[in-house]
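Visitor:
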């Protein structure tokens, strides 16, 4: 398993958990951070799988 | 008598700003020294200059958050602010002595909360303001990490197309001067404003400024001077931890880490959010270091840093609360 992808995925979950407790006018920040980490996790996983072949 | 106490606590606030410079501002030069782009002496002068001129770039939103959104304004008094500051300074000195990259910002917030709670209980804390700060304790390093990683990917893509590696490295070394300056600018903009916030709170609490007042210019200039002087006096133990123990950086990595940290600090300062500059640059360095593999990051040191972050607010709050209770009879 790609450890970096897993790390990014955990980071995206942490950012998503912050969304409800963030002030309403700043909720877009943890939301964006969470989405970015999901993309980074997917990219990292695909990179790892390509290199493995 | 009250005026003498006010000026004394303002002096203590500026001393805190100086220790902040000594403790946190050293991070500004960590990567530029680690990659040998500048000698430590010139790096310190470079960082101090940009720390000082930050007042020309940023508005004082962060100062307002510290003055008005951490503790209820009617609770604030010279005694509370003094105990809060001393709690933060005591915690800073302890972590500095131990060589831990703690956060002066969180120490200040923790100190003010601890002293206020000791005076009037938990109702004296502005929960919405504290939650805004708390959310960004976690978000700031996460934003920095993601940005550091993304910028490093872009830098590597760009580097692969270059034919002359030596020329490319020289280019990155020059760019690091710009990125280090930008980071120091962001650092001065966020950290000096915390002291401005404390002094503004003091002025409001003693009736020298109205509840809706902006930060007076003399406060802005003295806070930036104090942090720049603190930077000049250095903090080499922490430079060593940040620059070489977390991950080994090349000039390209230094540019990526500092640009990412500068962008994060510009964003939070524009939104009036006090964050730990140490958290931010650490996240960026980890993001850059993890570009190839996670094992490039020395997680033991990064973990030690995280523990210091977790302990900072309760540690400084406890010291400040005890100090307030000790000083209360006087």
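Residue numbers (our numbering), protein chains in the order written: chain A, 1 to 53; chain B, 1 to 330. Every residue, glycine too, gets a C-beta built ideally from N, C-alpha and C.
Please classify residue 74 of chain B as buried or exposed, where buried requires at least 16 other C-beta atoms within 10 Å of its C-beta.
Guide: As a working mapping, residue 74 of chain B is identified with position 74 in the second chain. Residue 74 of chain B should be labelled exposed.
Visitor: Check residue 57 of chain B in the structure and name its three-state DSSP category.
Guide: Along the second chain, read from residue 1 onward, the residue named residue 57 of chain B stands at position 57. Here residue 57 of chain B sits in coil by DSSP.
Visitor: With a threshold of 7 Å on Cβ separation, who are the neighbours of residue 32 of chain B within its own chain once the five nearest residues in sequence on each side are excluded?
Guide: Taking the second chain and counting its residues from 1, one reaches residue 32 of chain B at position 32. Around residue 32 of chain B: 38, 43, 176, 180, 254.
Visitor: Should residue 163 of chain B go down as buried or exposed, given a rule of 16 or more other Cβ atoms within 10 Å for buried?
Guide: In the second chain, residue 163 of chain B corresponds to position 163, counting from 1. Classification for residue 163 of chain B: exposed.
Visitor: Can you tell me which of the three DSSP states residue 70 of chain A falls into?
Guide: With chain A covering only 1 through 53, there is no way to say anything about residue 70 of chain A.
Visitor: Within its chain, find whatever has a CB closer than 7 Å to the CB of residue 124 of chain B; leave out the 5 residues flanking it on each side and keep chain order.
Guide: On the second chain, residue 124 of chain B is found 124 positions in, with the first residue counted as 1. Taken in chain order, the residues that qualify are 71, 72, 75, 116, 117.
Visitor: How is the alpha helix (DSSP H) around residue 181 of chain B delimited, first residue to last?
Guide: Start at 1 with the first residue of the second chain, and residue 181 of chain B comes out as number 181. Per DSSP, residue 181 of chain B belongs to the alpha helix (DSSP H) from 165-205.
Visitor: Within a Cβ cutoff of 7 Å, which residues of the same chain sit near residue 263 of chain B, ignoring the five residues on either side of it in sequence?
Guide: Here the question's residue 263 of chain B lines up with position 263 in the second chain. So the qualifying residues of the chain are 147.
Visitor: Pair every Cβ in the stretch 53-65 of chain B with every Cβ in the stretch 106-116 of chain B, then say whether three or more of these pairs are closer than 8 Å.
Guide: No, because fewer than three Cβ pairs between the stretch 53-65 of chain B and the stretch 106-116 of chain B fall closer than 8 Å, the two stretches do not touch.
Visitor: So which residues on chain B does residue 40 of chain A lean against when the C-beta distance must stay under 9 Å?
Guide: What you label residue 40 of chain A is simply residue 40 of the first chain in a count that begins at 1. 146, 149, 150, listed in chain order.
Visitor: Check the Cβ of residue 156 of chain B against every Cβ in chain A and list those closer than 8 Å, keeping chain order.
Guide: Position 156 of the second chain, counted from the first residue, corresponds to residue 156 of chain B. Simply none; closest approach about 12 Å.
Visitor: For a contact meaning CB atoms closer than 9 Å, what does residue 132 of chain B contact in chain A?
Guide: Within the second chain, the letter at position 132 stands for residue 132 of chain B. What residue 132 of chain B touches in chain A: 22, 23, 26.
Visitor: For residue 288 of chain B, does the three-state DSSP call read helix, strand or coil?
Guide: As a first step, residue 288 of chain B must be located in the second chain, where it is residue number 288. Helix.
Visitor: Any chance the stretch 40-55 of chain B sits against the stretch 183-200 of chain B, with 3 or more Cβ pairs inside 8 Å?
Guide: Taking 8 Å as the limit for Cβ pairs, the verdict is that the stretch 183-200 of chain B does touch the stretch 40-55 of chain B.
Visitor: Where residue 190 of chain B and residue 17 of chain A are concerned, what is the direct C-alpha to C-alpha distance, given to the nearest angstrom?
Guide: For this step, residue 190 of chain B is matched to residue 190 along the second chain. For this step, residue 17 of chain A is matched to residue 17 along the first chain. Distance between the alpha carbons of residue 190 of chain B and residue 17 of chain A: 26 Å.
Visitor: Please list, in chain order, the chain A residues whose beta carbon lies closer than 7 Å to that of residue 138 of chain B.
Guide: For this step, residue 138 of chain B is matched to residue 138 along the second chain. Those within 7 Å of residue 138 of chain B in chain A are 14, 18.
Visitor: From residue 59 of chain B to residue 221 of chain B, what does the alpha carbon distance come to, in whole angstroms?
Guide: Here residue 59 of chain B is taken as the residue at index 59 of the second chain, counted from 1. Here residue 221 of chain B is taken as the residue at index 221 of the second chain, counted from 1. Between residue 59 of chain B and residue 221 of chain B, the C-alpha separation is close to 13 Å.
Visitor: Please determine, among B/252, B/318, B/322, the residue with the shortest C-alpha to C-alpha distance to residue 336 of chain B.
Guide: Missing from the structure shown is residue 336 of chain B; chain B here goes from 1 to 330 and no further.
Visitor: Going by DSSP, name the residue or residues bridged to residue 219 of chain B.
Guide: Counting from 1 along the second chain, the entry for residue 219 of chain B is found at position 219. According to DSSP, residue 219 of chain B bridges with nothing at all.
Visitor: State buried or exposed for residue 122 of chain B, treating a residue as buried only when at least 16 other CB atoms are found within 10 Å of its CB.
Guide: If you number the second chain from 1, residue 122 of chain B lands on position 122. Result: exposed.
Visitor: Could you spell out where the alpha helix (DSSP H) holding residue 30 of chain A opens and where it closes?
Guide: Position 30 of the first chain, counted from the start, is the residue given in the question as residue 30 of chain A. Counting along the chain, the alpha helix (DSSP H) containing residue 30 of chain A begins and ends at 28-52.
Visitor: Among residues of its own chain, excluding the 5 on either side of residue 142 of chain B, which ones have a beta-carbon nearer than 8 Å to its beta-carbon?
Guide: For this step, residue 142 of chain B is matched to residue 142 along the second chain. Contacts found: 283.
Visitor: Taking a cut of 8 Å between CB atoms, which residues from the stretch 261-272 of chain B lie near chain A?
Guide: The stretch 261-272 of chain B vs chain A, Cβ under 8 Å: 271.
Visitor: Indicate whether the contact test is met: 3 or more Cβ pairs, each with one atom in the stretch 270-280 of chain B and one in the stretch 190-200 of chain B, closer than 8 Å.
Guide: These segments touch.
Visitor: Using a beta-carbon distance cut-off of less than 9 Å, what residues from the stretch 41-67 of chain B approach chain A?
Guide: Taking 9 Å as the Cβ-Cβ cut-off against chain A, none of the residues of the stretch 41-67 of chain B qualify.
Visitor: Under a three-way DSSP split, which group does residue 80 of chain B fall into?
Guide: By 1-based counting over the second chain, the position of residue 80 of chain B is 80. Of the three classes helix, strand and coil, the one that applies to residue 80 of chain B here is helix, per DSSP.
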